[in-house]
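Numbering (this note's numbering), first residue to last: 4 to 557. Below is one structure; the comments refer to it alone.
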Amino acid sequence: MFLLMYTTIENALKSRTGLHDVQLTDGGEHADLASTVAFTLAKERKQSPVIIAEELARELHGDPAFEHIQVTVKGPYINFLFGPSYVSRTLEEAVKPGYGSQPQRRERVVLEHTSANPNGPLHVGHIRNSILGDTLARCFRKAGYRLEVQYYVNDMGRQIAIVVWGFDHLDTGAMDGEKADHYVARIYIAANRELASDPGLVAEVDTLMQQVERSENATVRKFRSAVTQCLDGFHVTMGRLRVHHDRFVWESDFVRNGDTERFLSRLHRLPEYHEDGKVWLDLKAAGFEKEYVLRRTDGTTVYATRDLAYHMWKGKNFDRVIDVLGADHKLIGGQLQATMHLVGEKAPDIIYFEFVSLPEGAMSTRAGKFVSADELMDEVTKRAFAEVTVRRPELNEDTRKSIAVSVAIAAIRYDIVKISPEKSTIFNWKEALDFERQSGPYIQYAHARACSILEKAGEFSEAYDLKDPHGIALAKHIAKFPAIIEEVVQDLKPHLLATYARELADQFNAFYHYEPVLKSEGITRQSRLTLVTAAKNTLKESLESLGIDAISTM
RNA sequence: GGGCUUGUGGCUUAGCUUGGACAUAGCGCCGGGCUUCUAACCCGGAUGUCGGGGGUUCGAAUCCCCCCAGGCCCGCCA
């Protein structure tokens, strides 16, 4: 409903002013939408903006499209207020299951996220990537796109060679109950320590890497095995986090299937191509001073080469390519985009997120300095269980456990997604364990309250006659949900949904407090119950788009 | 040194792309509210040079320039 109103007003103003751009602003407490075109026109018409605003408003009053939109003027501002029909139509839409879902679109989108090196467990930095990516994925699906989510497995890297070397020389077996990815990290950390103390051993790692590039079977098998163990651990972690990938794509496949060589051969005709022992591209024109090396003097390819082959493949199979990458990838991401442009292929849209560090400094798998996602989830779940037990002692243990799991994931996912990706953050246990604040559980709670009302209400027939301010404000906020999903997808900004969901819970709580539902009677009761249904539904859709369980009791 | 990026009350943070009506919320602080649909809630109050300086504009947190501070990147690593 909101988008419809927006375009109605926008078009009316465009045709009357002759302006191409008549951006509407949020009306705040004054209105549902507002326009400041009067300022823009004041200069060219050499007229007071107040007079222009009044004139425009007069014209709009006679417009049949504005039958249900109240137009008022306050100084130079033209305010638009939506009437009862807007509210009732919103409710009719929002009570339907799947509210906010757009019809299926033709466009096929591939979204890559997480793609952490398989040399140790996912830590709190990696899951910022996972949560951003997974939330975006959920929004894309809701917006009707045909989406495939991919994890790019870096199975040829030096890190993996070090893990393999470690398994060859230092393996003492997994400890009791040790998760596979944590076990890999232990070997990786130990191997790095060995290599640091005896630099002569580095040559052995180099040999392993060359063998893999030549696809030597025995070594390839070792790499696969090490990587697979780690990925098995990742699956468990991401499953708990409700993060899903449709496909795992292995870097080495692009070497073995010849795509990497084919891509290199395509570059020969480019003026930017240079071959002087090594192969490199000159990307100065695109703003990159460094030589972009794609083949070493020893003939082997580098990470960037295989990544290009991977993106080439994605571009051929999908209409739109999106990557979620850490801010440390900004340079190589830019180089990759520039190169894809040069060869006339689809360049990915890249969303970058800044790092999560620890109070004592940057995280490092190699040095063993990190807080793993598993550890985080364990601790937060423990804390959530204690909390549920205090609040709902009458519930049985299994129910409390189940609520605690949902609450913990809500707290973690929301804490991460609510922050703009471009902000670097410092991980803080105290904050992670505290969900009695602007949080995922807060939104879940609003949903649970709505469920509780509906459960007690029993049967009722829908009605759309809202008279009181908090209910109307809530309905108007519900109306914006589809527009928010659209905005998240267009701008690749999942945190907009986090903000929206919190505001929705705010509105619901205010309504809950001031406008009793079950105690009201007649049409008011029916209308409020309809509103609660719509709110519950919108909260549920919002939560699920955020990857958070919409639980009915907590 | 160069590039990218962030800097908003004591702390965390929205808004910045597309400039407009008293800058968004949370935590913490002060004061209220559970015989009333789940108080993981609600209401009121105090707290702001929107990093600093200049500029553009009728109007700047938002655009431009300079400076300061933090983060990241600058490998024939991945």
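Built from N, CA and C at the ideal position, the CB exists for glycine as well. A quick note: this is a predicted structure, and the numbers were derived from the prediction, not measured.
Of W253, E32 and A289, the smallest CA-CA separation from A312 is found for W253. Looking at the DSSP output, F356 bridges to G329. At the C-beta level, F226 and V167 come within 7 angstroms of one another.
Under the three-pair Cβ rule at 8 angstroms, the segment 279–294 does not count as touching the segment 176–195. Taking the Cα of A68 as reference, the smallest distance to any Cα among L22, V520, N14 and Y417 is reached at N14. Nearest C-alpha to V383 among I415, R369 and V393: I415.
Under the 10 Å beta carbon count, T368 is surrounded by 16 or more other beta carbons and is classified as buried. Apart from sequence neighbours up to five positions away, the residues of its chain that approach I165 with a beta-carbon distance below 8 angstroms are N122, Y191, A194, N195, L198 and V208, ordered along the chain. With respect to the 7 angstroms criterion, Q529 and S464 are classified as neighbours on the basis of their beta carbons. A direct Cα-Cα distance of roughly 13 angstroms separates K317 from F266. As DSSP reads the structure, K543 sits in no beta bridge.
Within the DSSP bridge table, the entry for S375 names H126 as partners. Take Y515, set aside five residues on each side of it, and the residues of its chain with a beta-carbon closer than 7 angstroms to its own are R452, in chain order.
Cα atoms of R299 and P485: separation of roughly 50 angstroms, rounded to the nearest angstrom. Ranking M8, S91 and L16 by CA distance to the CA of I55 puts L16 first. With fewer than 16 other Cβ atoms inside 10 Å of its own Cβ, H64 counts as exposed.
About 5 angstroms separates the beta carbon of R108 from that of G147, a gap short enough to meet the 8 angstroms contact definition. Following the DSSP letters along the chain, one finds V25 in no alpha helix (DSSP H), marked with neither H nor E. Proximity to D471 across A37, T11, G86 and F5 peaks at G86, based on C-alpha coordinates.
Within 10 angstroms of the beta-carbon of H116 lie 16 or more other beta-carbons, which makes it buried. Remark: C-beta atoms of A537 and L94 approach each other more closely than 7 angstroms. Nearest to P52 by alpha-carbon distance, out of M8, V76, E506 and H71, is V76. If you ignore the 5 residues before and after A350, its C-beta comes within less than 6 angstroms of the C-beta of Q340, M343 and H344, all in its own chain and listed in chain order.
Below 8 angstroms, enough C-beta pairs join the segment 396–412 and the segment 433–451 to call them touching: three or more.
Judged by their CB atoms, H498 and S423 are nearer to each other than the 7 angstroms cut-off. Nearest in C-alpha terms to S255, of all of H271, E216, I134 and E110, is E216. If you check the CB distance, I526 and D468 come in under 7 angstroms. Taking the C-beta atoms as reference points, H248 is found nearer than 7 angstroms to Y154. S548 places its beta carbon less than 7 angstroms from that of K145. Within the model, the alpha-carbon separation for D418 versus G242 is close to 18 angstroms. Pairing L477 with Q447 gives a Cβ-Cβ distance that is not under 7 angstroms.
Taking 7 angstroms as the cut-off, the Cβ atoms of A501 and V420 count as close. Contact between the segment 352–365 and the segment 322–338 is present, with at least three C-beta pairs closer than 8 angstroms. The beta carbon of I130 sits closer than 6 angstroms to those of A376, all from its chain and outside the five residues before and after it, given in chain order. Annotation for H277: the continuous beta strand (DSSP E) segment containing it runs Y276 to D279.
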